[in-house]
Structures are given as C-alpha cells and as structure tokens.
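A.B. asks:
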Amino acid sequence: MDFLPDTFWELVVAVFVLIGAVVAVKVGFTFNINQWQESKRKRLKEKLQAKCPHAVPIKEGGNLGLESSFLSPSGTTAWECRRCGVVTYDMRGATHMLERYANNPEQYIKQEKAFLKAHKKLYG
310 MDFLPDTFWE
320 LVVAVFVLIG
330 AVVAVKVGFT
340 FNINQWQESK
350 RKRLKEKLQA
360 KCPHAVPIKE
370 GGNLGLESSF
380 LSPSGTTAWE
390 CRRCGVVTYD
400 MRGATHMLER
410 YANNPEQYIK
420 QEKAFLKAHK
430 KLYG
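Using the working numbering, the first residue of the sequence shown is number 310, and each one after it goes up by one.
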C-alpha cells in the first residue's frame, strides 16, 4: 500500500490537510460575496449615522454658528438628517446636542472628523 504515509506524523498531517480542504470547499460553497458586501455596507452606514454630528456650520453676521441638519418632510412628524439620513421623531435630543456643540466647538470638530472618516470609508 504505497498511498498510505510511512510515519504517524505524515498520517496526522494528511488528516489535517484533508479536513482543511473539506472546510475550504464548504466555506467556498456557502459564502455569498454579495450578501457579505451588503452586510458590510449596512454596518458602515450605521457607524456613519452614529458618528454624524447632525449639525452644519453657518455664518451668522460676522460669527460662526451651528444649525441643525434635521429637516421634517411635509406631512410627517419625522425629522431626517440631511447629512446621514437618520430619522428621529423627537427633536429634544438633537437640540441638546446642538447646544453642547455650540458650547464646546472642539467636541464638534472631533465628531465632524470622525464623521468624515466614516463617510470616506462608506462612499470612497
């Protein structure tokens, strides 16, 4: 029987190679690249929405200020962020966040950088 390994260790290696080949074939048949890309895109979009500051800088007279990026489509009670697309029904949290950013501009700049980084990952 020339096809059998000569030593015990060769037999162990052959068994592991065979198991690895079976696992690779199984993964190859069950892996769906389109489904993986869609789930990755969904995760990145959720991260983008979490990092969005939901505010845009504006120039008021001679000063810089912040304005909420939430808009309410007519006929609805929902508010949608025009930057990231997140929908909310309660503007109290957004108003509080806007006041916090107005009082602490460094925090807004940090959040904006994180948002732009996530935006670049998602949209290129």
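Each residue gets a CB set at the ideal place from its N, CA and C atoms; glycine is no exception.
Does the Cβ-Cβ distance between K360 and A427 come in under 7 Å?
C.D. replies: yes
A.B. asks: Ordered along the chain, which non-local residues of its own chain (more than five positions away) have a Cβ less than 8 Å from that of K351?
C.D. replies: Exclusion of the five residues before and after K351 leaves no residue of its chain whose Cβ lies closer than 8 Å to its Cβ.
A.B. asks: Could you tell me the boundaries of the beta strand (DSSP E) in which N372 lies?
C.D. replies: Counting along the chain, N372 sits inside the beta strand (DSSP E) bounded by residues N372 to S377.
A.B. asks: Can you tell me which of Y398, S378, D399 and T385 puts its alpha carbon nearest to the alpha carbon of R392?
C.D. replies: S378
A.B. asks: Helix, strand or coil: how does DSSP classify T397 here?
C.D. replies: Per DSSP, reduced to three states, the secondary structure at T397 is strand.
A.B. asks: Report the three-state DSSP secondary structure of P382 (helix, strand or coil).
C.D. replies: coil
A.B. asks: With P435 as the anchor, note down where its alpha helix (DSSP H) starts and where it stops.
C.D. replies: The chain is shown only over 310 to 433; residue 435 falls outside these bounds and no answer can be derived.
A.B. asks: Count the other C-beta atoms from every protein chain shown that fall within 10 angstroms of the C-beta of W318, then say buried if there are 16 or more, exposed otherwise.
C.D. replies: exposed
A.B. asks: Among the residues of its own chain, which have a CB less than 8 Å from the CB of V332, if the five just before and after it don't count?
C.D. replies: Excluding sequence positions up to five before and after V332, its CB lies less than 8 Å from no other CB in the same chain.
A.B. asks: Taking only runs that begin and end inside the segment 312–362, name each unbroken alpha helix (DSSP H) of 4 or more residues, in chain order.
C.D. replies: 317–339 and 342–360
A.B. asks: When you compare the CB positions of L327 and K430, do they come within less than 7 Å of one another, or not?
C.D. replies: no
A.B. asks: According to DSSP, simplified to helix, strand and coil, what is A364?
C.D. replies: strand
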